[in-house]
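Protein chains in written order, with my numbering: chain L, 1 to 259; chain E, 260 to 590.
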């Protein structure tokens, strides 16, 4: 169980204010989608919450503790992070790569225990990459690599998971698999935060959507309350067809709004 | 976890270290019969054999192992940290700064006034170089700023060395400086071993302890930090390790290139290619390679003994090119 609370969070990248005055309260058992156009500050917000981007003002509380006072290791054990479009710098085997996820739990100079290895195998299985275990990660396809990196984040076994665009490069079948997986994590009591661009997926799976625009948080609530025609036009500059398909909403961008 | 390196890699490398060490004791300009060598090693032997073995060849052998180990290890650690397979100690300016320190000691005549002046100045210069690197690279953890700052320092140190050659009062002083720049283990004594050993021990301990950080950096800086790695501390340990270790090594051997670059490349295919798995093999491999090269310079019949740094560069470039062609699948 973990809670993350951002209060008045502001981040500057160079001179550009990337995130300004964001208040966000995230608790266990939720699948929270962060949406917004390119450059809205979604990734920067996430990085600031993890202490990876230097914040200009505001606080981030993880489990009620100021994240600046927490060690990197303490944060790493609470929150697993899957960065956007991660590059791999050495051609590691898939199994070795996923096992890196156990690092926050290892003592100095200790080796992986049988329990650690079981966690690694479980993560490989859940991300549907167990069959790639012996392959070299840099020789996989983009989608396979994305799932291996998701397995790496799952292997941490942290009570919170923050995934930045986990669906990029995935085929439609695996997009559904990954969203089902994230949903199952949330249902099992984890806090799952994910940046998404597919609005239908976001509306269908997420318990809550956070809409960002030019560094500010412009809407936060149930998916269909957030995704209104007027907001899509204002924030994304699109007109969209919003329908329901059975129990699920379908949001189909139909054109650019000229203003 | 499955085997991270070939199970026989470390035993074979240890065996090679022993073989190279024995070779360094038994082979040299003056041929000694095996019987005389065994006699000395078992505590007896004639005076000439004792002098050659214990006072000349033993310190030289020890230095070859120590310096080679440090060069191999620091190359492996730097390639892992900078995520750049071209990194070696000279990339951060550590070796060049140390060489400049040594050259200054020679140029200003300090080396003659006190035997410790030269190594001390080399180590201090290497620390100053790394300190300047810190200031130049700023607080960012990015490897690119570090490499750029390292190149600036290496170039500046190189210019300083050239300047001292340029201004050196007589050809003999220039010769002495030159020979230092080419690297050699000729005429070394136990005093040199006692200078190099503690520095290399401290440097190696700092570098070898950080294997896990290097592995985490496979995922980039954000990825490593999100796994609980404190990169600022890791960088401090790495730079101090390189400055102290390489500074101490260069202080006794002069600048020897290519060992730090090549050894990690030779070791990587024998492991699972993770940066931590090549640290220990590169340390042992560096010790073997430099000791063998040092035997080589003694045995190759030339008018004046070949300098070690010249031989490692001559051998190193072809090995590197073969490796490059294999990587590009041209071989």
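Cβ atoms here follow ideal geometry from the backbone N, Cα and C, with glycine treated the same way.
Using only CA atoms, which one of the options lies nearest to residue i?
i, options, result
"residue 154 (chain L)", "L:103, L:12 and L:198", "L:103"
"residue 192 (chain L)", "L:160, L:171 and L:114", "L:160"
"residue 481 (chain E)", "L:15, L:81 and L:208", "L:81"
"residue 226 (chain E)", "E:468, E:425 and E:282", "Lying outside 260 to 590, the shown extent of chain E, residue 226 (chain E) is not represented and no answer is given."
"residue 130 (chain L)", "L:116, L:147 and L:142", "L:147"
"residue 88 (chain L)", "E:474, E:522, E:324 and E:565", "E:474"
"residue 83 (chain L)", "E:495, E:577, E:484 and E:547", "E:484"
"residue 598 (chain E)", "E:531, E:516 and E:550", "This structure cannot speak to residue 598 (chain E), because chain E is shown only from 260 to 590."
"residue 464 (chain E)", "E:273, E:270 and E:502", "E:502"
"residue 203 (chain L)", "L:248, L:93, L:110 and L:253", "L:248"
"residue 137 (chain L)", "L:47, L:122, L:119 and L:100", "L:100"
"residue 5 (chain L)", "L:54, L:65 and L:29", "L:65"
"residue 201 (chain L)", "L:178, L:76 and L:92", "L:178"
"residue 445 (chain E)", "E:324, E:275, E:305 and E:315", "E:315"
"residue 512 (chain E)", "E:543, E:566 and E:409", "E:566"
"residue 187 (chain L)", "L:27, L:60, L:41 and L:199", "L:27"
"residue 8 (chain L)", "L:58, L:47 and L:46", "L:58"
"residue 258 (chain L)", "L:244, L:218 and L:233", "L:233"
"residue 285 (chain E)", "E:319, E:472 and E:360", "E:319"
"residue 534 (chain E)", "E:324, E:550 and E:472", "E:472"
"residue 196 (chain L)", "L:124, L:166, L:76 and L:255", "L:166"
"residue 415 (chain E)", "E:426, E:434, E:292 and E:392", "E:392"
"residue 571 (chain E)", "E:300, E:362 and E:323", "E:323"
For residue i, which residues in chain L fall below 7 Å Cβ to Cβ?
i, result
"residue 474 (chain E)", "100"
"residue 482 (chain E)", "83 and 86"
Kindly list, in the order they appear in chain E, the residues whose Cβ is closer than 7 Å to that of residue i.
i, result
"residue 50 (chain L)", "485"
"residue 166 (chain L)", "Within chain E, no residue comes near residue 166 (chain L); the closest Cβ sits about 14 Å away, beyond 7 Å."
"residue 76 (chain L)", "485, 486 and 487"
"residue 93 (chain L)", "531"
Can you pull the chain L neighbours of residue i, defined as C-beta to C-beta under 9 Å?
i, result
"residue 478 (chain E)", "83, 86, 87, 88, 89, 97, 100, 149 and 152"
"residue 489 (chain E)", "71, 72 and 73"
"residue 342 (chain E)", "89 and 90"
"residue 587 (chain E)", "Per Cβ cutoff of 9 Å: no residues; residue 587 (chain E) is ~15 Å from chain L at best."
By the criterion of Cβ-Cβ separation under 9 Å, what are the contact partners of residue i in chain E?
i, result
"residue 17 (chain L)", "Those within 9 Å of residue 17 (chain L) in chain E number zero; the least Cβ separation is about 20 Å."
In chain E, which residues lie with their C-beta within 8 Å of the C-beta of residue i?
i, result
"residue 104 (chain L)", "486 and 487"
"residue 47 (chain L)", "481"
Kindly list, in the order they appear in chain L, the residues whose Cβ is closer than 8 Å to that of residue i.
i, result
"residue 471 (chain E)", "103 and 106"
Roughly how far, in whole angstroms, is the beta-carbon of residue i from the beta-carbon of residue j, given that I think they are within contact range, below 8 Å?
i, j, result
"residue 36 (chain L)", "residue 213 (chain L)", "6 Å"
"residue 555 (chain E)", "residue 331 (chain E)", "Rounded, the Cβ-Cβ distance is 17 Å, inconsistent with contact."
"residue 133 (chain L)", "residue 185 (chain L)", "Actually they are not in contact, since the Cβ atoms of residue 133 (chain L) and residue 185 (chain L) sit about 21 Å apart, beyond 8 Å."
"residue 223 (chain L)", "residue 209 (chain L)", "5 Å"
"residue 238 (chain L)", "residue 227 (chain L)", "With 8 Å as the limit, residue 238 (chain L) and residue 227 (chain L) do not qualify as a contact, their Cβ atoms being about 11 Å apart."
"residue 328 (chain E)", "residue 545 (chain E)", "5 Å"
"residue 352 (chain E)", "residue 388 (chain E)", "5 Å"
"residue 41 (chain L)", "residue 19 (chain L)", "4 Å"
Legend entry - Positions along the stretch 518-537 of chain E whose CB lies within less than 8 Å of some CB in chain L: Going along the stretch 518-537 of chain E in chain order, one finds 531, 532, 533 and 534 with a Cβ nearer than 8 Å to chain L.
Inset, instruction - Can you check the stretch 358-387 of chain E for any alpha helix (DSSP H) of at least 4 residues that lies completely inside it and give the ranges in chain order? - result: Secondary structure within the stretch 358-387 of chain E: the alpha helix (DSSP H) runs of 4 or more consecutive residues, fully enclosed, are 369-372 (chain order).
Inset, instruction - Pull out every residue of the stretch 228-246 of chain L whose Cβ sits closer than 7 Å to any Cβ of chain E, in chain order. - result: Considering only beta carbons, no part of the stretch 228-246 of chain L lies closer than 7 Å to chain E.
Legend entry - Segments of 3+ residues assigned as beta strand (DSSP E) that fall wholly inside the stretch 33-63 of chain L: Taken in chain order, the complete beta strand (DSSP E) segments of 3 residues or longer contained in the stretch 33-63 of chain L are 57-62.
Inset, instruction - Pick out the complete alpha helix (DSSP H) segments inside the stretch 116-156 of chain L, 4 residues or longer, and give them in chain order. - result: DSSP runs (the alpha helix (DSSP H)) wholly in the stretch 116-156 of chain L: 142-155.
Legend entry - Start-end ranges of the alpha helix (DSSP H) lying completely within the stretch 309-339 of chain E, minimum 4 residues: For the stretch 309-339 of chain E, not one full-length alpha helix (DSSP H) segment reaches 4 residues or more.
Inset, instruction - With a floor of 4 residues, list each alpha helix (DSSP H) that falls wholly inside the stretch 456-533 of chain E, ordered by position along the chain. - result: 470-475, 479-485, 490-512 and 518-526, all fully within the stretch 456-533 of chain E.
Inset, instruction - May I have a chain-ordered list of the beta strand (DSSP E) segments no shorter than 3 residues that lie completely inside the stretch 160-236 of chain L? - result: Within the stretch 160-236 of chain L, the complete beta strand (DSSP E) segments at least 3 residues long are 160-164, 191-195, 208-213 and 216-221, listed from N- to C-terminus.
Inset, instruction - With a floor of 4 residues, list each alpha helix (DSSP H) that falls wholly inside the stretch 537-571 of chain E, ordered by position along the chain. - result: Correct list: 538-558.
Legend entry - Start-end ranges of the alpha helix (DSSP H) lying completely within the stretch 391-432 of chain E, minimum 4 residues: Correct list: 402-426.
Legend entry - Sequence ranges, beta strand (DSSP E) only - wholly within the stretch 64-108 of chain L, length at least 3: Those beta strand (DSSP E) runs which fall completely within the stretch 64-108 of chain L and span 3+ residues are 79-82.
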